[in-house]
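Sequence order for the protein chains is R and P.
According to the UniProt record's numbering, numbering within the first sequence proceeds without interruption in unit steps and concludes at 335.
According to the UniProt record's numbering, numbering within the second sequence proceeds without interruption in unit steps and concludes at 335.
Using N, Cα and C, we set each Cβ at its ideal position, and we do this for glycine too.
Accompanying notes for the structure given below.
There are 2 protein chains.
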Amino acid sequence: MRGPTIRDVARRAGVSAATVSRVLNDSPLVLEPTRERVQAAVDELGYRLNATARNLSIGRAMAIGVVVPFFTAPSVIERLRGVVERLGRGEHREYDLMLFDVEGPEQRGGALRDLARRDRVAGLLIMSLPISDAEVAALERDELPAVLVDGTHPRLPRVVIDNVRGGELAAEHLLVRGHRRIGFVGDHPANPYGFTSSEDRRRGFRNALERAGVESDPALDRLGPHGREEAGELAAALLSLPEPPTAIFAASDLQAIGVLRAAELLNVRVPDELAVIGFDDVDLAEIVGLTTIRQPLREGGALAADLLLAAIDRGGSGVPVEEQQALTVVERRTT
Amino acid sequence: MRGPTIRDVARRAGVSAATVSRVLNDSPLVLEPTRERVQAAVDELGYRLNATARNLSIGRAMAIGVVVPFFTAPSVIERLRGVVERLGRGEHREYDLMLFDVEGPEQRGGALRDLARRDRVAGLLIMSLPISDAEVAALERDELPAVLVDGTHPRLPRVVIDNVRGGELAAEHLLVRGHRRIGFVGDHPANPYGFTSSEDRRRGFRNALERAGVESDPALDRLGPHGREEAGELAAALLSLPEPPTAIFAASDLQAIGVLRAAELLNVRVPDELAVIGFDDVDLAEIVGLTTIRQPLREGGALAADLLLAAIDRGGSGVPVEEQQALTVVERRTT
DNA sequence: TTGAAAGCGCTAACAG
DNA sequence: CTGTTAGCGCTTTCAA
């Protein structure tokens, strides 16, 4: 039983399918009595429009796709909240949300190439994934609007933060508190996804310290795979140094939590013996009282959704904007 | 530029569109040389199948829909992980994931009714939402497979836990430790969504206590809107009682975190002066060292996805199974 | 203002 | 094995 079609409604209302279609799409050129008859037939039959057929006919889908790595990460969730918030409201409630999780680096290219077709989604939100010129070209060829979140490409609208500046903020915060020997725990720059934010944060951080006269000690930078436990191990190594750091800057809150845990296991008191500062300000940070560099994740997701929706409506291109989001330090109980 | 169609490929390969379609769908009745010619044409043209057209033609969508309230809740995320894990693998990688967030109770009915159509999704995963007979009937009428997670209905496959038993486990855990005066912090039974798990947990909990000879004191049950801070306030009230409880059972980990925070603010030491036990065992619980009743959220999501995929493949119905998941208590540092 | 007809891109009988 | 022919359900000229 495939449910009533537009023809059934037409027959019942004594009009043509075209007229029903017009009523359904709020076309102004339908006489009021006709509209009413059609509407009545729609109600009686419990008719609802078939989205697939409509999409095929008009040539675009009424869904927006979100491509994310680690759908599991708290920061991703936070951003998704912002996206959902925007999709669920106003005139855009019509767009559905398709989620594409990119768990392995090998899925990365595939997912993008797969999606670069207007028929599945009306636009793409690409989070935290580096994108190549060829991929952008593919999107352009198919006229598929896309916006980048936490990623950058000159030909795509994007919402970003200044990771280098974030590192500086962390450095300043710790310098003011008298720290001179400071460790860093973050992602390995050669990670399979090509993420660079951790490395950018580290650079900003170290440079700011050097400008303040603090010499860099390579032994204090510990890089490894992303993850709470991995970060814990890195921090443990740092704390076991003959001359351990008095503070640690972690490239993300998740990693900072790992650092905190390592300190606890080694009986190092925070913040007295070790200050810890993270990055992101996810929910968790507030819960554990972590001092961190806050980036407006949720707002970023919402903004990106708005940008995408606007690009879809606008159709044509225009110069891609870059929205830079403000970073602030949120002081809590770990520094 | 709408990209090459199946006809373009057909022309180029010197065959009919039907043959191209057969090749695309791995039909066995195509001669190898023909298949190769078609494949070559596909590659040269960079052709990719239009999902919308295919869906319209075969009459079903290649996506599964997930309907969730509070997309924001950690437990929901955890379950989604399980779902994504299953969708991303094996022969089912072909299914996309559509997310339908139900933020307000008023969206509840709408979302479901809207989705009860084969044309947008091939099946539905409904999480934590009570579902009415009428809604089930609508799903059946449209032959739309659906499975319930953390919800129940006799005519739908479902994965559930025994919340009452969970409450009992919490009671047993606290009784063994000598607690007699125990508070409960949970959701109000008359919540707008119709959630009942909190209340079920409370009942199992109180009944177990009574069976052990501990009389119930209504003043020790504090119910309010779901949320960390709300739970904190409820707990604060409990702790300010002339005769405060020595332990608190929270209906969820999120609420337990609120309780912990309240204790901290009131300088009540955990677990010495106050034992706290939560429910769910989300990531957070491990991080803060919360003792809790563990329900396998991720596995539940995965299982539900498998059930749904199976139902979709099977087509017809069969007797809906109920998968009951095991509950265990995970002892950490708050009891 | 409404209807007829063609078509979106693909699949699925049915012949051959 | 492969091609022809009809749709799937909706939109959209083009006429009337």
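Reference residue i, options the options, closest by Cα
{"i": "residue 71 of chain R", "options": "P:70, P:170, P:79 and P:65", "result": "P:79"}
{"i": "residue 218 of chain R", "options": "R:6, R:250 and R:182", "result": "R:182"}
{"i": "residue 243 of chain P", "options": "P:220, P:162 and P:19", "result": "P:220"}
{"i": "residue 263 of chain R", "options": "R:229, R:175, R:326 and R:76", "result": "R:229"}
{"i": "residue 266 of chain P", "options": "P:236, P:286, P:288 and P:299", "result": "P:236"}
{"i": "residue 42 of chain P", "options": "P:59, P:32, P:13 and P:73", "result": "P:13"}
{"i": "residue 363 of chain R", "options": "R:222, R:271, R:148 and R:251", "result": "The structure shown has nothing for residue 363 of chain R, since chain R only spans 1 to 335."}
{"i": "residue 211 of chain P", "options": "P:175, P:31, P:318 and P:55", "result": "P:175"}
{"i": "residue 179 of chain P", "options": "P:145, P:215 and P:298", "result": "P:215"}
{"i": "residue 227 of chain R", "options": "R:238, R:38, R:187 and R:241", "result": "R:187"}
{"i": "residue 268 of chain P", "options": "P:302, P:239 and P:55", "result": "P:239"}
{"i": "residue 318 of chain R", "options": "R:16, R:145 and R:232", "result": "R:145"}
{"i": "residue 15 of chain P", "options": "P:26, P:35 and P:27", "result": "P:35"}
Closer than 7 Å at the beta carbon, the chain R residues around residue i
{"i": "residue 297 of chain P", "result": "Here the premise fails: no neighbours, minimum Cβ distance about 12 Å."}
Whole-number beta carbon distance between residue j and residue i, since they are thought to touch under 8 Å
{"i": "residue 150 of chain P", "j": "residue 128 of chain P", "result": "5 Å"}
{"i": "residue 142 of chain P", "j": "residue 3 of chain R", "result": "6 Å"}
{"i": "residue 185 of chain P", "j": "residue 295 of chain P", "result": "The pair is not a contact, with the Cβ atoms about 18 Å apart (cut-off 8 Å)."}
{"i": "residue 336 of chain R", "j": "residue 249 of chain R", "result": "With chain R represented from 1 up to 335, any question about residue 336 of chain R goes unanswered, as that position is not in the structure."}
{"i": "residue 312 of chain R", "j": "residue 122 of chain R", "result": "5 Å"}
{"i": "residue 326 of chain P", "j": "residue 159 of chain P", "result": "About 12 Å separates the two Cβ atoms, so there is no contact after all."}
{"i": "residue 52 of chain R", "j": "residue 119 of chain P", "result": "4 Å"}
{"i": "residue 259 of chain R", "j": "residue 291 of chain R", "result": "Wrong, their Cβ atoms sit about 12 Å apart, outside the cutoff."}
{"i": "residue 76 of chain R", "j": "residue 97 of chain R", "result": "That belief does not hold up - the Cβ atoms of residue 76 of chain R and residue 97 of chain R are roughly 14 Å apart, past 8 Å."}
{"i": "residue 257 of chain R", "j": "residue 287 of chain P", "result": "6 Å"}
{"i": "residue 289 of chain R", "j": "residue 333 of chain R", "result": "4 Å"}
{"i": "residue 285 of chain P", "j": "residue 253 of chain P", "result": "5 Å"}
{"i": "residue 189 of chain P", "j": "residue 234 of chain P", "result": "Actually they are not in contact, since the Cβ atoms of residue 189 of chain P and residue 234 of chain P sit about 14 Å apart, beyond 8 Å."}
{"i": "residue 298 of chain R", "j": "residue 82 of chain R", "result": "4 Å"}
{"i": "residue 124 of chain P", "j": "residue 68 of chain P", "result": "Not a contact, Cβ separation roughly 11 Å."}
Beta bridge counterpart(s) of residue i as assigned by DSSP
{"i": "residue 259 of chain R", "result": "None; residue 259 of chain R has no bridge partner."}
{"i": "residue 222 of chain R", "result": "R:185"}
{"i": "residue 275 of chain P", "result": "P:247"}
{"i": "residue 126 of chain R", "result": "R:67 and R:148"}
{"i": "residue 325 of chain P", "result": "P:161"}
{"i": "residue 293 of chain P", "result": "P:279 and P:329"}
{"i": "residue 102 of chain R", "result": "R:69"}
{"i": "residue 97 of chain P", "result": "R:99 and P:64"}
Chain P residues whose Cβ lies nearer than 7 Å to that of residue i
{"i": "residue 53 of chain R", "result": "56"}
{"i": "residue 82 of chain R", "result": "Ordered by position in chain P, no residue passes the 7 Å Cβ test against residue 82 of chain R, which lies about 11 Å from the chain."}
Partner residues on chain R for residue i, Cβ-Cβ distance less than 9 Å
{"i": "residue 185 of chain P", "result": "By Cβ distance, chain R contributes nothing, its closest Cβ being about 17 Å from residue 185 of chain P, past 9 Å."}
{"i": "residue 327 of chain P", "result": "Ordered by position in chain R, no residue passes the 9 Å Cβ test against residue 327 of chain P, which lies about 23 Å from the chain."}
{"i": "residue 103 of chain P", "result": "84, 85 and 88"}
{"i": "residue 77 of chain P", "result": "71, 72, 74 and 77"}
Beta-carbon neighbours of residue i, restricted to chain R and to distances below 8 Å
{"i": "residue 259 of chain P", "result": "Ordered by position in chain R, no residue passes the 8 Å Cβ test against residue 259 of chain P, which lies about 12 Å from the chain."}
{"i": "residue 98 of chain P", "result": "63, 96, 97, 98 and 99"}
Partner residues on chain P for residue i, Cβ-Cβ distance less than 8 Å
{"i": "residue 61 of chain R", "result": "52"}
{"i": "residue 288 of chain R", "result": "287 and 288"}
{"i": "residue 119 of chain R", "result": "50, 51, 52 and 53"}
{"i": "residue 284 of chain R", "result": "284 and 287"}
Residue i CB to nearest heavy atom of the ligand FAD below 6 Å
{"i": "residue 16 of chain P", "result": "Looking at this structure, you won't find the ligand FAD or any other ligand, since it has none at all."}
* Touching by the beta-carbon criterion (3+ pairs, under 8 Å), the stretch 313-331 of chain P and the stretch 192-200 of chain P -> Result no; under three Cβ-Cβ pairs closer than 8 Å.
* Touching by the beta-carbon criterion (3+ pairs, under 8 Å), the stretch 301-309 of chain P and the stretch 298-312 of chain R -> A contact is defined here as three or more CB-CB pairs under 8 Å, and the stretch 301-309 of chain P fails this definition with respect to the stretch 298-312 of chain R.
* Determine contact between the stretch 40-51 of chain P and the stretch 4-18 of chain P, defined as no fewer than three beta-carbon pairs at a distance below 8 Å. => Yes, since at least three Cβ pairs between the stretch 40-51 of chain P and the stretch 4-18 of chain P fall closer than 8 Å, the two stretches touch.
* contact_flag[the stretch 275-285 of chain P, the stretch 152-159 of chain P] where n(CB pairs < 8 Å) is 3 or more -> Contact fails between the stretch 275-285 of chain P and the stretch 152-159 of chain P, because fewer than three Cβ pairs, one in each stretch, are under 8 Å apart.
* Examine the Cβ distances between the stretch 162-172 of chain P and the stretch 199-212 of chain P and report whether three or more of them are shorter than 8 Å. => Flag = yes, the stretch 162-172 of chain P and the stretch 199-212 of chain P touch.
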